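2 protein chains.
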Amino acid sequence: MLSRKTEFARLGTKLRDVGGLTLSCAHCHLRSRCLPSGLSLDELGEMREVAPRQRRVARGEALYQAGDSCHSIYAVRLGFFKSYVVTQDGRSQITGFQMAGDILGLDGADTGTHTQSVVALEVSDVCVFSYAKLETAAGNLQALQHKVRCVMSREIAREHAMMVLLGTARAEERVAAFLLNLSERYGELGYSEGEFNLRMTREEMGSYLGLKLETVSRMFSHFQECGLITAQHRYVHILDRPKLARLAGRNVLPDIHETRMSQ
Amino acid sequence: MLSRKTEFARLGTKLRDVGGLTLSCAHCHLRSRCLPSGLSLDELGEMREVAPRQRRVARGEALYQAGDSCHSIYAVRLGFFKSYVVTQDGRSQITGFQMAGDILGLDGADTGTHTQSVVALEVSDVCVFSYAKLETAAGNLQALQHKVRCVMSREIAREHAMMVLLGTARAEERVAAFLLNLSERYGELGYSEGEFNLRMTREEMGSYLGLKLETVSRMFSHFQECGLITAQHRYVHILDRPKLARLAGRNVLPDIHETRMSQ
DNA sequence: CGGAATCTTGAAAATGGTCAAGATCAGTGG
DNA sequence: CCACTGATCTTGACCATTTTCAAGATTCCG
Chain A
67 MLSRKTEFAR LGTKLRDVGG LTLSCAHCHL RSRCLPSGLS LDELGEMREV APRQRRVARG
127 EALYQAGDSC HSIYAVRLGF FKSYVVTQDG RSQITGFQMA GDILGLDGAD TGTHTQSVVA
187 LEVSDVCVFS YAKLETAAGN LQALQHKVRC VMSREIAREH AMMVLLGTAR AEERVAAFLL
247 NLSERYGELG YSEGEFNLRM TREEMGSYLG LKLETVSRMF SHFQECGLIT AQHRYVHILD
307 RPKLARLAGR NVLPDIHETR MSQ
Chain B
67 MLSRKTEFAR LGTKLRDVGG LTLSCAHCHL RSRCLPSGLS LDELGEMREV APRQRRVARG
127 EALYQAGDSC HSIYAVRLGF FKSYVVTQDG RSQITGFQMA GDILGLDGAD TGTHTQSVVA
187 LEVSDVCVFS YAKLETAAGN LQALQHKVRC VMSREIAREH AMMVLLGTAR AEERVAAFLL
247 NLSERYGELG YSEGEFNLRM TREEMGSYLG LKLETVSRMF SHFQECGLIT AQHRYVHILD
307 RPKLARLAGR NVLPDIHETR MSQ
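Each protein sequence line maps, in turn, to chains A and B.
Residue numbering for the first sequence follows our numbering, starting at 67 and increasing by one per position.
Residue numbering for the second sequence follows our numbering, starting at 67 and increasing by one per position.
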């Protein structure tokens, strides 16, 4: 419970200092896991040409929606998003959860129209990179073009891992893999790997994992009975990571991480 | 039965005329659905710089394997491939089937190492585009760079559709959607939409669809009982497309098509 | 022609979904 | 600060779907 507060406090301190301003990639604390990762100092300077703008998204607000014209790539600076697709017959499924350092907006570059929707699950900030500027900067910033391909390729690999999870794993494995993946991603951002607050409902987890919310809830109870975790609604504490990893069948490939630019 | 022969004959005529030669994109009959689609005549000429080479792959042979270093993109000219990933704990799942006009090799551009394996299910020919040449050609061929991003973005959309299928559809829907998708793709290539030979086993279909081979087999029998198709092992005849589409719940989005460059 | 691979089908078992009821939590307005 | 309302979560009982196991038929390929 204490650590729950500290986590919130930490988020709180980062919530300040926002505006619709142009940002400098050279001074961003997330640059190592964002689009400009791996660029030289000179190249970082040239990123001014690409001039990412900042945008704040309220909880529940859409960053973009399926059908919107597609003219930007977004880098999450702060907050938490879900992305989802809706089929013709009205079914929908969550395709990913994105947090600081993750890249959004890669879908629909071919049709010029987004194929998925992205909604903030809490107040969030993103950097906006216009496709047009990215393309004209190509000549000077070969490395940047290359990086964009890398993010996309990484996203493809992540989705392959997701397809395996959906195609072959049972409920227990899916939920275990999901919790471990979230945990690792929080860890990479400097938060606690061992305890964290879920930003999504059981239903949203289920939608992502191809399960009903009741099944997700049962798995949480099951893991608690086994002494693998404690869970009080959204607050999760991982007690036995190795056993959880064994349950996940090592589905917790690096690939399953969200699209990200790091190295 | 007759049409089965004609289909083979058709394939037969295309099997001639192969070599390790450099090819001209400007004269390729597949250019409208390949990497250079949408390029001007001038730009098509410049494709000589990129100098795709041709490679023949025997039935059962790997085009590349997970772990191989990643230095080329491949365009299928002729034949049929399966791509699959293998998890750490040894499970594997097919991630796609590729035929003429489809693009391969997009995985692993970030790590420099392929994350999936690709194997030919029949004698196949591919064009090989070296990444290095594609990158240096960037300056002159902006449009080509853009096209590469389009293929990747299209692949991401396809995988989203696949995730929905795996996450929410029942066996009947999955198999129906699969048959319709194959049918449409054959149709686009000028083959019959109504009857065709499957290139893969029941088990391979199952692996792709997250089902066991027995379930796939049962669905085939089921569809025959309903008068939707006739199936004699690999040979399939679609009798009632509308009803099949209704079963598929219109999961047969354009997205579910394989990665492809057309328009 | 013969052996291996592939496919079909049945019956039993396991897994997850559906439906329903009640508990808990978060946010609102008094 | 508290009660209230709607959203979210838990749990149980039952049901539908898919898997598993097994046996036999068919096809492919050398």
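We put the CB at the ideal spot given by N, CA and C, even for glycine.
These numbers were taken from a predicted model, which means no experiment stands behind them.
Asked	Found
Please report the distance separating the alpha-carbon of residue 224(B) from that of residue 288(A).	34 Å
Taking the CB atoms as reference points, tell me whether residue 187(A) and residue 238(A) lie closer together than 9 Å.	no
Taking residue 65(A) and residue 262(A) to be in contact with their CB atoms under 8 Å, please state how far apart those CB atoms are, rounded to whole angstroms.	Coverage of chain A is limited to positions 67 through 329, which leaves residue 65(A) absent and any answer about it impossible.
On the CB-based measure, 16 or more other CB atoms within 10 Å of its CB, does residue 221(B) come out buried or exposed?	buried
With a CB to CB cut of under 6 Å and the five nearest residues on each side skipped, what residues in its chain are close to residue 67(B)?	Any reading at residue 67(B) must be qualified, since the residue scores a pLDDT of 34, below 50, and its modelled position is unreliable; no value is offered.
Smallest Cα separation from residue 130(A): which of 300(A), 309(A), 274(A), 179(A)?	179(A)
How would you call residue 106(A), buried or exposed, if buried means at least 16 neighbouring beta carbons within 10 angstroms?	exposed
Could you tell me the alpha carbon to alpha carbon distance between residue 241(B) and residue 310(B), rounded to whole angstroms?	10 Å
Whose CA, out of 121(B), 192(B), 210(B), 201(B), lies closest to the CA of residue 108(B)?	210(B)
Give the DSSP bridge partners of residue 296(B), in chain order.	303(B)
Flag this pair as touching only if the region 243 to 257 of chain A and the region 186 to 202 of chain A have three or more C-beta atom pairs under 8 Å; answer yes or no.	no
In the DSSP assignment, what residue or residues form a beta bridge with residue 166(A)?	Note: residue 166(A) sits in no beta bridge, so no partner.
Reducing DSSP to helix, strand and coil, say where residue 155(A) ends up.	coil
What residues in its chain sit with their C-beta under 7 Å from that of residue 297(A), if we drop five residues either side in the sequence?	286, 290
Output needed in chain order: residues of the region 263 to 293 of chain A with a Cβ under 9 Å from some Cβ in chain B.	273, 274, 275, 276, 277
Suppose you measure from the CA of residue 85(A) to the CA of residue 281(B); what does that come to, to the nearest Å?	For residue 85(A), the pLDDT reaches just 48, beneath the cut-off of 50, and the residue's location in the model is therefore unreliable, although a value from the coordinates is still provided. Straight-line Cα distance between these residues: approximately 55 Å.
My guess is that residue 155(B) and residue 315(A) are in contact by the Cβ rule of under 8 Å, so how many angstroms apart are they, rounded?	5 Å
Quick one, are the C-beta atoms of residue 143(A) and residue 98(A) less than 9 Å apart?	no
Under the assumption that residue 226(B) contacts residue 181(A) (Cβ atoms under 8 Å), give the Cβ distance between them as a whole number of angstroms.	7 Å
Distance, Cα to Cα, residue 216(B) vs residue 195(B)?	16 Å
If you draw a straight line from the alpha carbon of residue 165(A) to that of residue 136(B), how long is it in whole angstroms?	29 Å
Closest by CA to residue 308(B), which one among 112(B), 293(B), 300(B)?	293(B)
Checking contacts by CB at 9 Å: is residue 173(A) closer than that to chain B?	yes
Among all the DSSP beta bridges, which residues are the ones paired with residue 25(B)?	Because residue 25(B) is not part of the residues shown, which for chain B are 67 to 329, the question remains open.
Please name the residue in 163(A), 145(A), 93(A), 183(A) whose C-alpha comes closest to that of residue 134(A).	183(A)
Does DSSP put residue 287(A) in a helix, a strand or coil?	helix
Work out the CA separation of residue 295(A) and residue 327(A) for me, nearest whole Å.	Confidence is the limiting factor: at residue 327(A) the pLDDT is only 42, short of 50, which leaves the residue's position unreliable, though a coordinate-based value still follows. Using only the alpha carbons, I get a separation of about 31 Å.
On the DSSP letters alone, give me the boundaries of the alpha helix (DSSP H) that residue 236(B) sits inside.	Where residue 236(B) is concerned, there is no enclosing alpha helix (DSSP H), given that its DSSP letter is neither H nor E.
For residue 176(B), decide whether its Cβ has a neighbour in chain A, counting only Cβ atoms nearer than 9 Å.	yes
Does residue 92(B) come within less than 9 Å of chain A when only Cβ atoms are used?	no
For residue 182(B), go through chain A and note every residue whose CB falls closer than 7 Å to its CB, in chain order.	226
Which residues does DSSP list as the beta-bridge partners of residue 222(B)?	Bridge partners of residue 222(B): none, in fact.
Near residue 159(B), what residues of its chain come up, given a Cβ to Cβ distance below 7 Å and the 5 sequence neighbours on each side ignored?	150, 151, 273
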